[in-house]
Amino acid sequence: MAEVYEIKDDEGNVLEVLAADDEPQGETAGEVPTEVEPTDVEPTAVSIASRASWGARYQDGDLTLTGLAIEVWVHHSVTAQLSAGASIAAEQEQMRALESVGQTRFGTGISYNVVVFPSGRAYQGVSWNRRGTHTGGRNSTSRSICFAGNYETNQPTAAQISTAAAIYREGKQRWWTQGAPLGGHRDVSQTACPGKNLYARLDEIRDGDGSTPPPPDPGGLVVDGFWGSSTTRRVQQELGTTVDGVVSSQSVAWRDGNPGLTTGWQWVSDAQGSRMIAALQAKIGMDSGARDGKIGPQTIRALQRYLGTPVDGIISRESRAVMALQRRLNDGRI
Ligand SMILES: [Zn+2]
931 MAEVYEIKDD EGNVLEVLAA DDEPQGETAG EVPTEVEPTD VEPTAVSIAS
981 RASWGARYQD GDLTLTGLAI EVWVHHSVTA QLSAGASIAA EQEQMRALES
1031 VGQTRFGTGI SYNVVVFPSG RAYQGVSWNR RGTHTGGRNS TSRSICFAGN
1081 YETNQPTAAQ ISTAAAIYRE GKQRWWTQGA PLGGHRDVSQ TACPGKNLYA
1131 RLDEIRDGDG STPPPPDPGG LVVDGFWGSS TTRRVQQELG TTVDGVVSSQ
1181 SVAWRDGNPG LTTGWQWVSD AQGSRMIAAL QAKIGMDSGA RDGKIGPQTI
1231 RALQRYLGTP VDGIISRESR AVMALQRRLN DGRI
């Protein structure tokens, strides 16, 4: 019986199951090269970072496959959930982690053909013409598009959907047949994969023409020193809190004294604080007892110290602290 690797949640639900197929009898079986020529040497409409770019260390699947695939399956990896603003280095590290999983279980390197991160960036896993361990019983006849993370509990980003649609379109008559259907792993295996939130979006991958503009460059924020909704969205992406551009339940007492805080700030008389500000307070090193989720002089001073700008406890118009924050966000960090 072929080896199987299941990833379960706390309740024992199978979120993902990886499986190696038995060695087929016949001419495709046999010698397993440890390196093969990359098949993506032609320029592609969609950019897929090479195996070398992320530092693939192990074997590239277990068999060379000939001919076009007849099916495409969408998966999720149930590994770390990176933010849309994650750095390339962080994504490369996740690729190596994913490779370690497949290597440990099956000894044939990374399981999936291509892995798409919340940023919208895509990385080559097992080469298109090599057999992986993604879709049990169908590894020889199908190819896989994997979303990095857990989409039973998280939402795929628009950038991920757009990239996956572009890959599906790009692969027609190249990696799979023109009419190769695209489905979710759960359609053919006992697993929640690719998660209900992603499964609900498969039509967008099937029908999308991949022409949606790529994700906003992490460098997309205007450095103007005003903290409005677009800056908040990027902070939320970096901190992994809900991305809605709103800083909820902040004390109205601090509104007029901080004119650099503009759109998306919810000023109320009975402030409860926001999860994003609490996460920011942790990020900038405030004591756990002081992480109340509210902006105010204490938090602003801590932020200014963290950013290395003058410490006065106020976010003015064209604030130097906010400009420093926007520059850091444009570098993909806080
Ligand atoms: Zn799967």
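First residue of the sequence shown? That's 931 in this note's numbering, and the numbers climb one at a time after it.
Cβ coordinates follow ideal geometry from the N, Cα and C atoms, glycine included.
No experiment lies behind these values; they were computed from the predicted model shown.
Nearest residue (CA-CA) to residue i, options the options
{"i": "G1109", "options": "Y1098, H1115 and D1117", "result": "Y1098"}
{"i": "F1047", "options": "Q1166, M1025, R1035 and E1001", "result": "M1025"}
{"i": "S1249", "options": "A1201, L1233, I1264 and V1008", "result": "L1233"}
{"i": "T994", "options": "T1065, S1070 and W1003", "result": "S1070"}
{"i": "T1171", "options": "A1014, Y1236, L1028 and D1261", "result": "A1014"}
Same chain, Cβ closer than 7 Å to residue i, neighbours up to 5 away in sequence not counted
{"i": "R1163", "result": "V1173 and G1175"}
{"i": "W1184", "result": "I1225 and G1226"}
{"i": "K1213", "result": "L1169 and I1264"}
Heavy atom of ligand 1 within 7 Å of residue i beta-carbon
{"i": "T1171", "result": "no"}
{"i": "E1100", "result": "no"}
{"i": "T1009", "result": "no"}
{"i": "E946", "result": "yes"}
{"i": "P1086", "result": "no"}
{"i": "T1229", "result": "no"}
{"i": "T1121", "result": "yes"}
{"i": "P1189", "result": "no"}
{"i": "P1240", "result": "no"}
CA-to-CA distance, residue j to residue i, given in whole angstroms
{"i": "I1135", "j": "S1092", "result": "7 Å"}
{"i": "S1119", "j": "V934", "result": "12 Å"}
{"i": "A1010", "j": "A1078", "result": "7 Å"}
{"i": "S914", "j": "Q1103", "result": "As displayed, the chain neither begins before 931 nor continues past 1264, which places residue 914 out of reach and without an answer."}
{"i": "I1230", "j": "G1219", "result": "16 Å"}
{"i": "E936", "j": "L948", "result": "6 Å"}
Boundaries of the beta strand (DSSP E) in which residue i is found, first to last residue
{"i": "G1113", "result": "L1112 to G1114"}
{"i": "K1213", "result": "No beta strand (DSSP E) holds K1213; the alpha helix (DSSP H) holding it covers R1205 to K1213."}
{"i": "F1077", "result": "S1072 to F1077"}
{"i": "V1044", "result": "V1044 to V1046"}
{"i": "A1016", "result": "No beta strand (DSSP E) contains A1016, which DSSP labels as neither H nor E."}
Nonlocal neighbours in the same chain, by C-beta distance under 8 Å from residue i, ignoring five residues either side
{"i": "L1237", "result": "A1251, A1254, L1255 and R1258"}
{"i": "R1060", "result": "V966, D990, G991, D992, L993, T994 and L995"}
Proximal residues to residue i (C-beta, below 6 Å), its chain only, five neighbours per side dropped
{"i": "D939", "result": "L945"}
Residue i: first and last residue of the uninterrupted alpha helix (DSSP H) it sits in
{"i": "A1094", "result": "A1088 to G1101"}
{"i": "K1126", "result": "K1126 to Y1129"}
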